[in-house]
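Working notes, beginning with the structure itself.
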Amino acid sequence: MKNVLGDKRAILILLGPALLFYTLVKIVPVLWSFGLSFTQGDLRGFEFVGFDNFVTLINDPNTPTVLWFTFKYAILATVCQVTVGYFLALFYVFVLRKSSTLIRTLVFFPVVLPTVAVGLMFRRFFEVAPQNGPVNDILNLFGIDAVDWFAQPGTAFAVIIIMDLWRSIGFYAVLLYAGLLDVPEELLESARLDGATGLKLVRHIVVPLSLPVLLSSVIFSLNATLKVFDSVLALTNGGPGWDTSPLTLYMYKTTFTYQDYGYGSTLALTLTIICFLLTIVVFKFSRKDNTKATA
Amino acid sequence: MMTTASITAARRDNSPALRLPGAGRRIWRRVWVAFTIALLLVVELYPMFWLFMSSFKTTTEFTQSSSWALPEQFTLDNYVRAWTEGQIGANLLNSVIVTVPSLAAVLLIGVGAAFAVEVMVWKGRNITLLLFVSGIMIPGQMILVPLFIAYFKLNLTDTYWPMIITYIALGLPLTVFMMAAYFRAVPREVFEAATIDGAGMIRSFFVIGIPLVKNALFTIGLVQFLAIWNDLLVSLTFTTDADLRTIQAGLLNFSGQYGVVDYGPLFAGISINVFTLLILFLLLNRQIMQGLASGALKG
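From first to last, the protein sequence lines are chains A and B. The first sequence maps to residues 1 to 295 in our numbering. The second sequence maps to residues 1001 to 1299 in our numbering.
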């Protein structure tokens, strides 16, 4: 019996294609890209330059701008997505209860839309020239002057966050909703008998019990927001200047617009290291929290 | 007082509601629930409605009436122009040409690998699974430059192949990981019984393995479809030839070239892109929501 389950030929046939693809198109390029970050050149050839690209990275006046934006965006977007998503999930479970299906589905709509389309749509929605978009029209209605949202870094950033929330909130609500459904009914019942109501019940019973799913959401959100690309490219194209450029977009433009393949690879490596470190930090942090909870 | 009120409330109604004590607040509660729902739906749905309405407007309407005015008439002019002049039709076809084989391949070889790693017994299967899973974290940017060079040297530039090959590789980690999780839930005895019957493992895979996980396969298929169809990074990088642009890359280009002067066709193009997916979502919303959520929790 063990022999058949360990049939070498079958394993090779089933696993082979995937492993081959994965090795050639993912693992090899990752290592290759790592190597390229120590070189300079273009499609005609590369030259080894040691740590030059890393020196460039440190001296590049855009580095602080881009890194600051990347972190600021990832952290703020994650906090907003998970918090608002959690409130929405609580609303589904405790207020709407059984009748929440339709609302859940409708709010989920934007999640499946192409980010490019969403970005372009929000660009028009917040537009000031040549014509006002609905947002500025509403501001005018209240006697407030139209705002050129994409001209300053602060307002451009705000629009990115708003768009992001609009697009993803239905998703996080559903994710956290599934987690909240797992909270045992008896626990809520007994807490209620002890006199816990409303926010108290949520704070002392519901939140601690949904910590695992909250943590999963945070990890997922950080992982996604650190790699944000399409939506920002379509909405602000990284501007004004580089002020709303995440590392992904800066890497892309450095490589394919300015043809600097070596430095582009160094930027890609930086991004990968950041993603990697963040995952480790979050895992460490969560483990500490777990031991505290059991102790 | 509060305690007794909530106890009686709990006895009367076993639902998990968080009740405010006192019946006088019930109407107030209805009002704020209705208000919250209305606000939520307006915020989430109005932009799409606005987009759709704008896609019928003429240039004069764009410049002379306010942005929320409804179109004076529903003509398809903008759609015709977007489809032909704006290349949206050609782009849509390109998206289909690229997505279908990528999706088929990633599902077939992904589920095969998951079966080999999870059901079959051999040394190194855990490491192999870990190798696939670690790919979820790595950003796409990390493989773009080498692939760009490789496709160029292999003379694959200006074909659909760079996109198809890259999508397959990018889709594998999540597919293998999720399908392995589903196979783990199947009792081993099912496969062991098949081997007693004398079926080879390849046969077991097709006759027993795939039918057992076909719902899961459909779900992950939807997740991967959305990932490939909505992708911009890969299609933007590997389509140097304008004729090969997918809908996402095409729309971005369209916006840059004509968007400043020609709003109607641009809105029509965005609408085509948005409503294609909305129709899909209307048909399959349950599976899509479940698929995306489980993909996030496991990954």
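Every residue gets a Cβ at the ideal spot worked out from N, C-alpha and C, and that includes glycine. Given the structure is predicted, the values throughout are model-derived calculations rather than measurements.
Counted within 10 angstroms of its Cβ, other Cβ atoms place residue i as buried (16 or more) or exposed
i, result
"B/L1130", "exposed"
"B/S1095", "buried"
"A/Y86", "buried"
"A/N59", "exposed"
"B/A1227", "buried"
"A/S99", "exposed"
"B/K1123", "exposed"
"B/L1283", "exposed"
"B/F1148", "buried"
"A/P130", "exposed"
"B/A1316", "Since the first residue shown for chain B is 1001 and the last is 1299, residue 1316 of chain B is missing from the structure and cannot be characterised."
"A/A293", "The predicted model places A/A293 with a pLDDT of 42, which falls under 50 and marks its position as unreliable; any figure quoted below should be read in that light. Classification for A/A293: exposed."
"A/D7", "buried"
Residues near residue i in its chain [Cβ-Cβ closer than 7 Å; skip 5 each side]
i, result
"B/W1083", "G1089"
"B/F1218", "Q1287"
"B/I1097", "Y1160"
"B/M1053", "L1070, P1071"
Helix, strand or coil at residue i according to DSSP, with G and I counted as helix
i, result
"A/G45", "strand"
"B/Q1287", "helix"
"B/T1237", "helix"
"A/A40", "The residue asked about is misnamed: residue 40 of chain A is Gln in this sequence, not Ala. Strand at A/Q40."
"B/M1137", "coil"
"B/L1076", "coil"
"A/F142", "coil"
"B/D1243", "helix"
"B/G1250", "helix"
"B/M1178", "helix"
"A/D137", "helix"
"B/N1230", "coil"
"A/Q131", "coil"
"A/F150", "coil"
"A/T244", "coil"
"B/A1293", "helix"
"A/V4", "helix"
"A/V28", "helix"
"B/T1084", "helix"
"B/P1265", "helix"
"A/T197", "coil"
"B/F1281", "helix"
"B/G1221", "helix"
N- and C-terminal bounds of the alpha helix (DSSP H) containing residue i
i, result
"A/P17", "8 to 22"
"B/R1143", "According to the sequence as given, residue 1143 of chain B is Ile; it is not Arg. Segment 1141 to 1153, the alpha helix (DSSP H) holding B/I1143."
"A/Y177", "153 to 181"
"A/D230", "230 to 235"
"B/Q1064", "1059 to 1064"
"B/I1068", "Note on residue identity: the sequence assigns Trp, not Ile, to residue 1068 of chain B. Counting along the chain, B/W1068 falls outside any alpha helix (DSSP H), and DSSP gives it neither H nor E."
"A/D52", "52 to 59"
"A/V118", "115 to 125"
"A/P212", "211 to 226"
"A/M251", "247 to 252"
"B/G1089", "1088 to 1118"
"B/L1156", "B/L1156 -> no alpha helix (DSSP H), and no H or E assigned at all."
"A/G85", "62 to 90"
"B/T1195", "1188 to 1196"
"B/Y1046", "1025 to 1054"
"B/V1213", "Looking at the DSSP string, B/V1213 is not in any alpha helix (DSSP H), and its letter there is neither H nor E."
"A/V206", "From DSSP, A/V206 is part of no alpha helix (DSSP H); its letter is neither H nor E."
"B/V1207", "Premise fails: B/V1207 is in no alpha helix (DSSP H) and is neither H nor E."
"B/K1123", "It is not in any alpha helix (DSSP H) - B/K1123 carries neither H nor E in the DSSP assignment."
"A/V107", "101 to 108"
Closest Cα partner of residue i within the set the options
i, options, result
"B/P1162", "B/F1183, B/R1081, B/I1210, B/T1099", "B/T1099"
"B/M1178", "B/N1155, B/N1215, B/V1145, B/F1205", "B/N1215"
"B/V1145", "B/V1033, B/V1234, B/G1124", "B/V1234"
"A/K227", "A/F109, A/R123, A/L67", "A/L67"
"A/I273", "A/L14, A/P17, A/F34", "A/F34"
"A/D260", "A/W32, A/F69, A/F46", "A/F46"
"A/F125", "A/T225, A/V111, A/F150", "A/F150"
"B/I1165", "A/S217, A/K26, A/L90", "A/K26"
"A/F51", "A/L43, A/D42, A/L36", "A/L36"
"B/L1280", "B/L1222, B/S1067, B/A1249", "B/L1222"
"B/V1274", "B/G1295, B/L1251, B/G1256", "B/L1251"
Own chain partners of residue i with C-beta closer than 8 Å, once the 5 adjacent residues on each side are dropped
i, result
"A/V49", "F38, T39, Q40, G262"
"A/L57", "T63, Y263, T266, L267, T270"
Spatial neighbours of residue i in its chain, beta-carbon cut-off 6 Å, leaving aside the 5 residues before and after
i, result
"A/T65", "W242"
"A/T115", "D230, S231"
"A/L209", "V183"
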